[in-house]
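Accompanying notes for the structure given below.
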Amino acid sequence: MKTIIAIGVFLASLAAGASPAEPPLKDVFAKHFLIGAAVNTAQVSSEDRPDTRLLKRHFNSITPENSMKWGSIHPQPDQYDFSEADRYVSFGEKNGMVVIGHTLVWHSQTPGWVFKDADGKSATREFLLARMEKHIRTVVGRYKGRIRGWDVVNEALDDNGELRQSRWLKIIGDDYIVKAFEFAHAADPDAELYYNDYSLEDSARRNGAVALIRTLQAKGVKVSGIGTQTHAKMDWPTPKMVEDTITAFGALGVKVMITELDVDVLPAATSNLGADISLRIESNPKLNPYAAGFPEAGQAALARRYAEFFALYVKHSDIVDRVTFWGITDGESWLNNWPVHGRSNHPLLFDRGGKPKPAYSSVIRTVPNPD
Ligand code: GLA
Numbered sequence: 001m002k003t004i005i006a007i008g009v010f011l012a013s014l015a016a017g018a019s020p021a022e023p024p025l026k027d028v029f030a031k032h033f034l035i036g037a038a039v040n041t042a043q044v045s046s047e048d049r050p051d052t053r054l055l056k057r058h059f060n061s062i063t064p065e066n067s068m069k070w071g072s073i074h075p076q077p078d079q080y081d082f083s084e085a086d087r088y089v090s091f092g093e094k095n096g097m098v099v100i101g102h103t104l105v106w107h108s109q110t111p112g113w114v115f116k117d118a119d120g121k122s123a124t125r126e127f128l129l130a131r132m133e134k135h136i137r138t139v140v141g142r143y144k145g146r147i148r149g150w151d152v153v154n155e156a157l158d159d160n161g162e163l164r165q166s167r168w169l170k171i172i173g174d175d176y177i178v179k180a181f182e183f184a185h186a187a188d189p190d191a192e193l194y195y196n197d198y199s200l201e202d203s204a205r206r207n208g209a210v211a212l213i214r215t216l217q218a219k220g221v222k223v224s225g226i227g228t229q230t231h232a233k234m235d236w237p238t239p240k241m242v243e244d245t246i247t248a249f250g251a252l253g254v255k256v257m258i259t260e261l262d263v264d265v266l267p268a269a270t271s272n273l274g275a276d277i278s279l280r281i282e283s284n285p286k287l288n289p290y291a292a293g294f295p296e297a298g299q300a301a302l303a304r305r306y307a308e309f310f311a312l313y314v315k316h317s318d319i320v321d322r323v324t325f326w327g328i329t330d331g332e333s334w335l336n337n338w339p340v341h342g343r344s345n346h347p348l349l350f351d352r353g354g355k356p357k358p359a360y361s362s363v364i365r366t367v368p369n370p371d
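Here our numbering is used: the first residue of the sequence shown is 1, the next is one more, and so on.
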């Protein structure tokens with residue numbers, strides 16, 4: 001009888017897209033932090049895609065890859081399109097996940113009309129502030145009480161740690177960030193509000209983020225956390241940079257979220273360490289060495305790399321609130337197409353067939369006694 005039950009459990013777990021020896025990440029790290037994934041609309045529109053099954057088994061938080069960005073949710077001045085975002089939020093609720101909003105104010109994936117008035121002239125400060133306020137009120141207001149936290153402003157810093165000269169800054173002025181947070185707080189006073197950026201492990205950017213958050217705090221603005229994207233490479237950032245970043249942000253009294261984790265295993269196509277998604281570089285076979293598969297040595301190196309990160313996240317789990325991967329399986333990662341189009345990258349814990357990689361095992365081993 002016991003054997004029959006055991007076989008039944010085994011078959012049920014296979015049907016759920018997992019082997020019994022594959023404990024859910026969200027359970028392994030339940031005492032430490034949330035485990036999130038960025039999701040696309042196809043993944044939240046079906047219950048039985050293989051990657052959706054992985055999502056439900058391993059992750060307890062989701063971030064929308066694109067559906068809440070300005071260009072998707074507010075494509076024209078008088079037109080909002082909530083269809084994909086609604087599906088995203090409902091999926092998260094139905095599956096008991098912590099739902100994140102991404103992102104309200106960003107220089108990228110924001111239509112050009114946002115910065116122009118009705119006559120096509122550059123908007124004034126007042127005009128753009130009013131437009132920003134209405135956008136935030138409409139979007140945050142629609143999901144009030146259903147989104148745990150919002151990436152209110154994304155990527156406001158330059159590599160030197162100064163504020164990026166975005167159109168938001170040029171038209172409104174430095175206080176556009178304060179305003180965005182205030183508008184978001186007014187629209188949903190209970191929502192957590194985050195500042196999110198890339199390469200914050202670099203000291204100039206990290207110091208810039210610390211200064212920015214201090215400025216917001218000094219003005220009495222509610223900032224709940226900082227999201228460090230952590231689009232990592234095999235040799236960047238170093239463990240020390242990761243740890244220094246977590247502790248520097250923790251010292252501000254805010255939560256720290258790892259918001260877009262992946263590890264690019266391909267040869268660098270550029271010396272640029274950032275995640276500027278407008279970057280495009282010509283393809284070339286030398287830049288795509290693992291098109292036929294990722295060799296064992298690479299898998300082992302990636303496993304060590306992920307273990308370094310997770311050992312630090314676990315060590316600082318009093319500060320780290322969530323670790324979100326930018327994708328579920330390698331096949332759908334943005335890194336197959338950025339900054340070079342059409343490569344085979346292997347940056348996540350699950351391979352193209354949805355199988356856990358050695359990096360998955362090394363990550364779960366960073367918790368000494370999972371029970
Ligand atoms: C940035 C953004 C994300 C996403 C990634 C790349 O990091 O914050 O929304 O666009 O780039 O896909």
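We put the beta carbon where it would ideally sit given N, CA and C, even for glycine.
When the Cα of residue i is compared with those of the options, which residue comes out closest?
i	options	result
F310	N288, N337 and V263	V263
V153	T270, A209, K233 and L287	A209
G145	S90, I281, T238 and Y306	S90
A303	G327, L348 and L212	L348
P102	A118, A85 and V114	This sequence places His at residue 102; Pro is not what is there. The residue with the shortest Cα to Cα distance from H102 is A85.
S333	V28, M241 and R352	R352
Q229	D175, P189 and D202	D202
F82	L128, D51, T138 and I258	T138
W236	I364, Y198, A218 and M257	Y198
D244	K219, R205, N345 and L169	R205
K355	P189, L216 and L55	L55
D330	G342, K240 and D321	G342
G173	F127, A292 and R214	F127
Y360	M257, F350, A156 and D27	F350
V363	H316, N345 and R305	R305
G120	T270, K219, F294 and P77	P77
H373	G293, E22 and F29	Residue 373 lies beyond the range of the chain shown here (1 to 371); nothing can be said about it.
A269	A292, T247 and N336	N336
Helix, strand or coil for residue i? Go by DSSP, reduced to three states.
i	result
R280	coil
S13	Residue placement at S13 cannot be trusted, given a pLDDT of 43 that sits under 50; what the coordinates show is reported in the next sentence. Of the three classes helix, strand and coil, the one that applies to S13 here is helix, per DSSP.
G225	strand
V367	coil
E243	helix
F358	With the sequence shown as reference, residue 358 is identified as Pro, and Phe is not the correct amino acid for it. It is helical.
G149	strand
S166	coil
G353	coil
E192	strand
S203	helix
K134	helix
I4	Note that I4 has pLDDT 44, beneath the 50 cutoff, so the model's placement of it is unreliable and the number below is only indicative. I4 falls in the helix class under three-state DSSP.
E182	helix
T215	helix
A187	helix
L252	coil
F29	coil
G141	helix
A269	coil
G220	coil
Would you kindly check if the distance between the Cβ of residue j and the Cβ of residue i is under 8 angstroms?
i	j	result
K255	G225	yes
F33	Y290	no
R164	D158	yes
F249	K222	no
A37	G327	yes
T324	E282	no
I62	M97	yes
Y382	G149	No answer is possible for residue 382: it lies beyond the span of the chain, which begins at 1 and ends at 371.
R131	V114	yes
V265	M234	yes
N196	G227	yes
P358	A297	no
N284	S344	no
I35	N60	yes
L216	I258	no
H58	H135	no
Would you list the residues sitting across from residue i in a DSSP beta bridge?
i	result
I171	Note: I171 sits in no beta bridge, so no partner.
I258	T228 and V323
V263	A232
L157	L163
I35	V323
D197	T228
K116	S122
Start-end ranges of the alpha helix (DSSP H) lying completely within the region 37–111, minimum 4 residues:
50–58, 70–73 and 83–94
At 4 residues or longer, what runs of the alpha helix (DSSP H) sit wholly inside the region 282–349?
296–315
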